[in-house]
Amino acid sequence: MKKLLVVSVSVLFLYTVVSCHSIKKEKPMIEKSVFGKLADGSQVEAYVLKNANGMSAKIINYGASIVTLTAPDKNGKYEDVVLGYDNIEGYVNGTTYFGGIVGRYGNRIAKGKMTIDGKEYQLAVNNAPNHLHGGVVGFNKKLWTVDKTEITKNGPAITMTVVSKDGEENYPGNVKLTVVYTLTNDNALSMVYTGSTDKTTVLNPTNHSYFNLTGDMNNTILDHELMINADKITPVDRGLITTGKLEDVAGTPMDFRTAKKIGKDIGADFEQLKYGGGYDHNWVTNNYDKKVRLIATVYEPKSGRVMETYSDEPGVQFYCGNFLNGTVAGKGGIKYAKRTGLCLEAQHYPDSPNKPEFPTTLLKPGETYHQTTIYKFTTKK
Ligand code: BGC
1 MKKLLVVSVS VLFLYTVVSC HSIKKEKPMI EKSVFGKLAD GSQVEAYVLK NANGMSAKII
61 NYGASIVTLT APDKNGKYED VVLGYDNIEG YVNGTTYFGG IVGRYGNRIA KGKMTIDGKE
121 YQLAVNNAPN HLHGGVVGFN KKLWTVDKTE ITKNGPAITM TVVSKDGEEN YPGNVKLTVV
181 YTLTNDNALS MVYTGSTDKT TVLNPTNHSY FNLTGDMNNT ILDHELMINA DKITPVDRGL
241 ITTGKLEDVA GTPMDFRTAK KIGKDIGADF EQLKYGGGYD HNWVTNNYDK KVRLIATVYE
301 PKSGRVMETY SDEPGVQFYC GNFLNGTVAG KGGIKYAKRT GLCLEAQHYP DSPNKPEFPT
361 TLLKPGETYH QTTIYKFTTK K
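Following the working numbering from start to finish, the sequence shown increments by one per residue and tops out at 381.
Structure, rendered in structure tokens:
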């Protein structure tokens with residue numbers, strides 16, 4: 001009897017120690033520092049958001065870019081899971097869009113041409129022969145205003161706004177876009193966008209983070225297992241412009257409805273993969289009704305890290321870093337090789353301004369643009 005009592009007390013003690021350890025919480029906080037200076041002398045600031053579990057996100061007001069994002073592996077080890085640059089020069093000179101918010105229009109507009117209310121606009125052809133990610137100076141190359149930082153009940157948050165003037169990059173209308181990043185206490189990075197304009201224009205921003213859940217950017221992402229909740233893609237032509245059609249993924253290498261390794265079919269003899277040099281396509285995410293739902297899950301078996309992507313957008317561009325080629329020096333001097341990172345860019349479909357059959361990206365005066373996208377991190381053994 002006495003022995004039983006001693007055993008039960010020790011079990012209870014052990015349980016208390018273990019559970020106290022696992023629920024040990026830190027105080028959510030935000031630390032501000034100087035990240036660098038732009039050529040015109042303006043200062044770029046970095047904000048490190050830390051949640052109650054010790055997960056952190058470093059975000060700069062240049063491009064509203066996510067510079068680092070740590071996530072725990074299956075043993076609780078936190079490592080940086082995004083690609084980025086060490087300093088502001090990298091972000092200013094870079095052409096990879098690491099971590100930034102791209103806009104006004106995420107992805108391509110054919111030949112940079114669009115017509116709104118009968119007027120044709122010629123946008124920059126910065127990805128010949130097309131327009132890509134908002135032009136020469138897109139939202140990822142602008143200094144955003146930090147409106148506020150706060151510790152909300154969900155976790156630390158930062159609100160940033162960018163203003164794009166009427167005629168900037170040849171787009172019509174004065175556009176204002178605000179993004180609230182919250183690093184929630186359940187390990188999700190949430191991005192809530194709101195936008196407005198004073199003339200009819202197009203708006204289709206997205207975050208362009210490249211993830212590598214191994215936490216070691218010497219690895220490729222080919223062993224990451226990906227699920228995309230989409231029955232169809234928007235196929236592209238040779239210049240990566242959507243054809244206007246929707247194509248079933250069933251029976252093709254584009255089928256990620258059941259999770260599979262990204263590397264499994266990437267080398268298949270399939271026209272769309274040849275055009276993209278690998279995966280670089282927009283998936284038509286199921287159940288689009290402007291409500292937030294799970295659109296994709298990535299799992300990396302070695303670390304056990306899982307990233308779920310939730311969004312209210314109708315599509316997601318899955319791009320797996322086909323154009324990285326070992327010449328770009330990133331954080332810690334690592335030269336990112338081909339397919340070192342994967343992007344899941346929640347968005348409207350590419351070239352929607354020229355495809356009336358796609359959900360519209362037009363934004364009119366008096367309307368409010370909304371988007372919520374969430375990257376949530378868990379682990380699996
Ligand atoms: C596009 C790629 C492009 C990349 C730029 C992606 O969103 O789909 O084609 O090369 O952005 O980093």
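In this text, a Cβ means the ideal position worked out from N, Cα and C, and glycines have one as well.
Beta-carbon contacts of residue i that lie in its chain and below 8 Å, excluding the five residues immediately before and after
i: LYS364; result: THR197, THR200
i: GLY94; result: TYR85, VAL328
i: ASN204; result: GLY103, ARG104, TYR105, GLY106, ASN107, GLN347, HIS348, SER352, THR361
i: ILE116; result: PRO172, THR200, THR201, VAL202, PRO353, LEU362
i: GLN122; result: GLY112, LYS113, ASN170
i: ASP73; result: GLU79, GLY215, SER303, GLY304, ARG305, THR379
Per-residue burial, residue i [other beta carbons within 10 Å of its own, 16 or more giving buried]
i: HIS21; result: Since pLDDT at HIS21 reaches only 45, below the 50 mark, its modelled position is unreliable, and no value is offered.
i: PRO356; result: exposed
i: LYS58; result: buried
i: SER33; result: exposed
i: ASP289; result: exposed
i: VAL298; result: buried
i: ARG293; result: exposed
i: MET63; result: Sequence inspection shows Gly at residue 63; the Met mentioned does not correspond to that position. GLY63 should be labelled buried.
i: SER42; result: exposed
i: GLY118; result: exposed
i: GLU120; result: exposed
i: VAL44; result: buried
i: GLY155; result: buried
i: GLY333; result: exposed
i: ASP186; result: exposed
i: ALA250; result: exposed
i: THR340; result: buried
i: GLY135; result: buried
i: GLY76; result: exposed
i: ASN212; result: buried
i: THR258; result: exposed
i: GLU89; result: exposed
i: VAL163; result: exposed
i: ASP280; result: buried
Same chain, Cβ closer than 7 Å to residue i, neighbours up to 5 away in sequence not counted
i: LYS165; result: ASN174
i: GLU247; result: LYS232, ILE233, PRO235
i: GLY384; result: Here the chain covers residues 1 to 381 and nothing more, so residue 384 does not appear.
i: GLY244; result: LYS355, GLU357
i: LEU12; result: Any reading at LEU12 must be qualified, since the residue scores a pLDDT of 49, below 50, and its modelled position is unreliable; no value is offered.
i: LEU69; result: ALA57, ASP80, VAL81, VAL82, LEU189
i: THR152; result: THR182
Sequence-distant residues of its chain with Cβ nearer than 6 Å to residue i (five each side left out)
i: GLY277; result: ASN322
i: GLU150; result: ALA157
i: GLU367; result: none
i: ILE266; result: GLY278
i: GLU31; result: VAL48
i: VAL92; result: none
i: GLU383; result: Outside the shown range of the chain, which is 1 to 381, sits residue 383, and nothing can be said about it.
i: ASN218; result: none
i: GLY195; result: LEU177, LEU203, TYR369
i: ALA337; result: GLY326
i: THR372; result: VAL192, VAL292, ASP312
i: ILE295; result: ASN229, THR285, THR309, SER311, VAL316
i: ALA46; result: SER33, PHE35, LYS58, ILE60
Rounded distance between the beta-carbons of residue j and residue i, thought under 8 Å
i: CYS343; j: SER209; result: 7 Å
i: PRO350; j: THR206; result: Contact flag wrong, Cβ pair sits at about 11 Å.
i: MET191; j: ASN61; result: With 8 Å as the limit, MET191 and ASN61 do not qualify as a contact, their Cβ atoms being about 15 Å apart.
i: PRO314; j: VAL284; result: 7 Å
i: VAL316; j: ASN286; result: Actually they are not in contact, since the Cβ atoms of VAL316 and ASN286 sit about 11 Å apart, beyond 8 Å.
i: GLY261; j: ASP237; result: Looking at the sequence shown, residue 261 is not Gly but Lys. At roughly 28 Å, the Cβ-Cβ gap does not stay under 8 Å, so LYS261 and ASP237 are not in contact.
C-beta neighbour in chain C for residue i, strict 8 Å
i: LYS245; result: The chain labelled as chain C is not found in the depicted structure, where only one protein chain is given.
key: Cβ contact (3+ pairs, closer than 8 Å) linking the region 176-194 and the region 352-366   = no
message = So, does the region 94-108 touch the region 139-152, judging by three or more C-beta pairs under 8 Å?
response = yes
inquiry  = Three or more C-beta pairs under 8 Å: does that hold for the region 42-61 against the region 257-277?
reply    = no
key: Cβ contact (3+ pairs, closer than 8 Å) linking the region 368-377 and the region 302-321   = yes
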